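Residue numbers (our numbering), protein chains in the order written: chain G, 1 to 506; chain X, 507 to 595.
Yeah, the Cβ is synthetic: ideal placement off N, Cα and C, and Gly gets one too.
If you're wondering where the values come from, they're calculated on a predicted model, not measured in any experiment.
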């Protein structure tokens, strides 16, 4: 009988090789180009897929183990939230507007990213990439599910959470993130990796999931903090995958540089526009704030993004085209977006409001060169109108940017008193843009963007035919309940009444 | 020199990990924020399994970091004993 010997444990690198690279095989009766038909048409040249480095050597067995651990922690918090009336522990019901936007605009994006990565896992020929994309696809589906599940606890008590899937496809401010993901998913696999792996994961998710989620903790919402941080720990792997993909393309062939740079320019700007809504959530919708949007962008955008571009400079990459314009927009974007949400608040499924004196004092401290000069006077004017019983509603239809699909409410980078309006004539039609960045993106691929579905023209087509009430029904918006000013809303009244009940035994 | 960083959830699991990171990276700066801790370091930052095990008093698999990790920046190099974040500039 043989002696039993202790089996030598596999080293991380060896285990990783066996559980990933060892899954790859050479096809014998099919041509590789036919198996992977999309890897060449974007013009990216790859000579050796084995040169792909896998910095996070996570294999499927470890992946399930650690994800299961995260799920256990997450569901412990969700259970606690449901059992201890967690919906009354938030600072103020104004905070819920940020969550509603998150659920309508961001969670469906997670689902879209899941579909995208499932496709990329199939379309990239390299085994390392296939495994990483497979894990990311599962991650993204998990993010959508945990977010919807966590926020369903608020849906039991508050308005505006119920129709998020319809809002995603039909609501005007949701067309901003929807068009971002549709654009990425209808691109080739390498562009998709720049769009999501670089722009969304590396530049965006830090801002979305780190300071905003830390703010959610300050506002008493542990359920959101937990899904946010649980998702974000996956993002650390995703960012690494995105960065690895950029480096891989640049190392494989010098001819890839101009293509990659063009995508970085495009997707940085698309990502920055998408972030406008996050800035507004941070600056206006967290009753208790951790840091301003400007401060967060300085840390995660300028410092972190700047370090990335310095690192990539050795390949010839320069900071994206819109980098300077983004810097100039920092002091204005969240204020301009919140003013837009306020004046169109009858057409949203969340509440907006005029900032209180306390809010405005904080905003002028955080935005010392712009808030008092440009934005406080507007809020003061809106306040007077409201007090006079004639609150301002903009019943006109916003002109939308053909690229990012946001209303053209932003100003010139060097003149905050002048709205940016750009036009391009293409095949006899006029197209409008909110910025130079969006105009350039259109001009590079006009055939793609003329196909865009925009919510404003839809209003005049079947089945709405310009009827505002019919539109509200179509987007699952209950007027007078889901929308309008926070003051006097059902959400405000219920939250205050329930909080009073929680403090008394009468 | 560019800054790299790692951010972890602020909880009982991460207290010894943060202590270990500070021991191994004396130039780092620890920023404590609501529910999270962000550790910045100039140029590079290394997380060592050995030091975490000493702080924790038990065996530790570096991939356990995935459970409480929030975010990081820099190029990642990982093996059984270390996880290093580094900018090449």
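Annotation for residue 240 of chain G: 55 and 56 place their beta carbon closer than 7 Å to its own, counting only its chain and skipping 5 residues before and after. Think of a sphere of 7 Å around the beta carbon of residue 217 of chain G: the chain X residues whose beta carbon falls inside it are 540 and 541, in chain order.
For residue 316 of chain G, same chain residues with a beta-carbon under 7 Å away, outside a window of 5 residues either side, are 257 in chain order. Using a CB distance cut-off of 8 Å, residue 206 of chain G counts as an interface residue toward chain X. DSSP, reduced to helix, strand and coil, places residue 430 of chain G within a strand of the structure shown.
For residue 68 of chain G, the enclosing alpha helix (DSSP H) starts and ends at 60 to 83. Of the residues assessed, residue 81 of chain G falls on the buried side of the cut-off, its CB having 16 or more other CB atoms within 10 angstroms. DSSP, reduced to helix, strand and coil, places residue 581 of chain X within a strand of the structure shown. For residue 531 of chain X, there are no neighbours in chain G by C-beta distance under 9 Å, as the nearest C-beta there is about 17 Å away. For the beta strand (DSSP E) assignment, the segment 245 to 315 of chain G encloses no uninterrupted run of at least 3 residues. In terms of beta-carbon proximity, residue 11 of chain G lines the interface with chain X, with at least one pair separated by less than 8 Å. Along the segment 577 to 591 of chain X, going in chain order, the ones with a CB nearer than 8 Å to a CB of chain G are 577, 578, 579, 580, 581, 582, 583, 584, 585 and 586. Neighbours of residue 573 of chain X in chain G, taken as residues at a C-beta separation under 8 Å, are given in chain order as 66, 69, 70, 73 and 233. Sorting G:115, G:127, G:120 and G:134 by C-alpha distance to the C-alpha of residue 63 of chain G places G:134 at the top. Looking at the DSSP output, residue 407 of chain G bridges to G:400. Between residue 280 of chain G and residue 337 of chain G, the gap from beta carbon to beta carbon is short of 8 Å. Under the 8 Å criterion on CB atoms, residue 550 of chain X is classed as non-interfacial with respect to chain G. The beta carbon of residue 139 of chain G lies closer than 6 Å to those of 234 in the same chain, with the five residues before and after it left out. Within the segment 510 to 530 of chain X, contact with chain G at the beta-carbon level (separation under 8 Å) is assigned to 510, 511, 513 and 515.
For the pair residue 587 of chain X and residue 515 of chain X, the Cα-to-Cα distance works out to about 22 Å.
Proximity to residue 406 of chain G across G:369, G:84 and G:333 peaks at G:333, based on C-alpha coordinates.
Residue 257 of chain G does not reach chain X, its nearest Cβ partner there being about 17 Å away, counting only Cβ pairs nearer than 8 Å.
Within its own chain, no residue has a Cβ closer than 8 Å to the Cβ of residue 17 of chain G once the five positions on either side in sequence are excluded. In this structure, residue 432 of chain G sits near residue 408 of chain G, with a CB-CB distance shorter than 8 Å.
For the C-beta of residue 561 of chain X, not a single chain G residue is nearer than 8 Å; the gap to the nearest is close to 20 Å. Here DSSP, grouped into helix, strand and coil, assigns residue 377 of chain G to helix.
Rounded to whole angstroms, the Cβ separation of residue 352 of chain G and residue 486 of chain G is 7 Å, and the two are in contact under 8 Å. Residue contact check for residue 478 of chain G against chain X: no CB pair falls below 8 Å.
The alpha carbon of residue 229 of chain G has as its nearest neighbour, out of X:517, X:507, X:510 and X:509, the alpha carbon of X:517. Excluding the 5 residues flanking it on each side, residue 549 of chain X has same chain C-beta neighbours closer than 6 Å at 507, in chain order. Beyond the five residues adjoining it in sequence on each side, residue 136 of chain G comes within less than 6 Å, by CB distance, of 117 and 238 in the same chain, given in chain order. Under the 10 Å beta carbon count, residue 341 of chain G is surrounded by 16 or more other beta carbons and is classified as buried. Burial of residue 105 of chain G is indicated by the presence of at least 16 other C-beta atoms within 10 angstroms of its C-beta. DSSP, read as helix, strand or coil, puts residue 394 of chain G in coil. With 16 or more other CB atoms across the displayed protein chains lying within 10 angstroms of its CB, residue 576 of chain X is buried. For residue 452 of chain G, the secondary structure class from DSSP, reduced to helix, strand or coil, is coil.
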